[in-house]
Amino acid sequence: MSSTYAGGVTKIRPTTIAELDDALADCRRCPRLVEWREEVARKKRAAFKDETYWGRPVPGIGPADASMAIVGLAPAAHGGNRTGRMFTGDRSGDVLFQALYDVGLASQPTSVRKGDGLELYGTRITAPVHCAPPQNKPTPAERDACRPWLVRELELLKPRLKSVVVLGAFGWQALLPVLAQTWPVPKPAPKFGHGVEVVLGGELHLFGCYHVSQQNTFTGRLTPAMLRDVLARAASRAGLEVRNS
């Protein structure tokens, strides 16, 4: 499933998205993140005291033949780390999935738990860091240790992938070195900004979008209309049908 290349970093070699997701869920590379995610799963939040937390790395969600990807930051301690699904069970996810539903990329406007009927259309959601970090802040070393997972995921998606929406500057900075292994990234590297669109190799459309964190959505820095606009533009570039909201 994996091999090691220069610098001692493991290169991930699953041959399908399903194999990748299964292998990722068993990853224990980063001691600080392993300790934190498992501590949160043991102690729990009072509101979820009767639930069994996932407490492991959180794989991406969405079809293996997606033509559009959304890249976030990392799972939330009591969201993805609890439910085992990206952006599921927290306020950020509430905003994101409502917008995905509004533009026709999701079967329902909510994502509560695995098995709740949610289906994504032509879209896969992933992240540069797959474990919940303390204070939502992974270290550069943790980001780099997790990078091979995202590299392989995008390699597997490449035959159909036409657009990527990056939520936030951290995700943008983490993603560019990943993309550079498969697509030509210009130098100097393109800067993050909300609504920015960059075309890589004449085929991959990269979009910047403010993160759907409460810090942005509660203050109005990112409104539902702003989010829908970026998602709809990216979906159109990916050849996906867009619903007017």
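Under the working numbering, the first residue of the sequence shown carries the number -9, and numbering increases by one thereafter.
Note that CB positions come from ideal geometry on N, CA and C, so glycine has one too.
Keep in mind it's a predicted model, so treat the numbers as computed, not measured.
Residue from the options whose Cα sits closest to the Cα of residue i
i    : options                   : result
L144 : T209, S101, V61 and A36   : V61
G198 : V154, R114 and F38        : V154
K152 : A131, L140 and T113       : T113
P176 : F160, A159, L196 and G161 : L196
C17  : E132, Q125, P124 and K33  : E132
R3   : Q88, P138 and R32         : P138
L230 : G161, F160 and M58        : M58
G161 : G185, T116, A224 and R81  : T116
R19  : D134, P149 and V189       : D134
K181 : G191, Y200, G192 and E193 : Y200
L190 : L217, A67 and K148        : K148
Where residue i falls, given that 16 or more other Cβ within 10 Å makes a residue buried
i     : result
D11   : buried
A56   : buried
D40   : exposed
T5    : exposed
F38   : exposed
A164  : buried
S(-8) : Its pLDDT being 44, under 50, S(-8) is placed unreliably in this model, and the coordinates cannot settle the point.
R35   : exposed
N71   : buried
P266  : With the chain represented from -9 up to 235, any question about residue 266 goes unanswered, as that position is not in the structure.
Q171  : exposed
T(-6) : Its pLDDT being 35, under 50, T(-6) is placed unreliably in this model, and the value from its coordinates should be taken loosely. Result: exposed.
Q205  : exposed
Q88   : buried
P99   : exposed
A66   : buried
W173  : buried
Whole-angstrom C-beta distance between residue j and residue i, which should lie under 8 Å
i    : j    : result
L169 : V202 : Wrong, their Cβ atoms sit about 21 Å apart, outside the cutoff.
A8   : P47  : Actually they are not in contact, since the Cβ atoms of A8 and P47 sit about 15 Å apart, beyond 8 Å.
L95  : L212 : Wrong, their Cβ atoms sit about 17 Å apart, outside the cutoff.
S97  : L86  : Going by Cβ atoms, the distance from S97 to L86 rounds to 14 Å, so no, they are not a contact pair.
G52  : L140 : In fact, because the Cβ distance is near 14 Å, the residues do not count as touching under 8 Å.
V102 : T78  : 7 Å
G74  : K33  : Wrong, their Cβ atoms sit about 17 Å apart, outside the cutoff.
G50  : G69  : Not really, about 15 Å apart at Cβ, beyond 8 Å.
Other residues of its chain near residue i: CB distance less than 6 Å, five sequence neighbours each side excluded
i     : result
C121  : L23, R27 and P47
G183  : G198
G(-2) : In this predicted model, G(-2) has a pLDDT of only 38, less than 50, meaning its place in the structure is not dependable; the value taken from the coordinates is given anyway. Correct list: empty, nothing qualifies.
P21   : none
A224  : M58, S153, V155 and F197
G45   : R27, E28 and A31
M216  : none
Any chain C beta carbon closer than 8 Å to residue i
i   : result
N71 : The chain labelled as chain C is not found in the depicted structure, where only one protein chain is given.
Proximal residues to residue i (C-beta, below 8 Å), its chain only, five neighbours per side dropped
i    : result
A179 : L166
R233 : D92, V93 and G94
P130 : none
Check: residue i C-beta below 7 Å from any heavy atom of the ligand MN
i    : result
L169 : Because no ligand of any kind appears in the structure shown, any question about the ligand MN cannot be addressed here.
7 Å CB neighbourhood of residue i in its chain, flanking five on each side removed
i     : result
T207  : V85
A(-4) : Low confidence applies to A(-4): its pLDDT is 30, below 50, so where it sits in the model is not reliable, and the reading given next is rough at best. Taken in chain order, the list of residues that qualify is empty.
C136  : P118, V119 and H120
R81   : Q204
R218  : A89, D92, V93 and S235
Minimum length 4: unbroken alpha helix (DSSP H) runs contained in the stretch 146 to 211: Qualifying alpha helix (DSSP H) stretches, in chain order: 159 to 169 and 204 to 207.
Minimum length 4: unbroken alpha helix (DSSP H) runs contained in the stretch 51 to 123: Taking 4 residues as the minimum length, the alpha helix (DSSP H) runs contained wholly in the stretch 51 to 123 are 70 to 73 and 81 to 92, in order along the chain.
Completely contained alpha helix (DSSP H) runs for the stretch 2 to 51, where each covers 4 or more residues: Whole alpha helix (DSSP H) segments, 4+ residues: 7 to 14 and 21 to 33.
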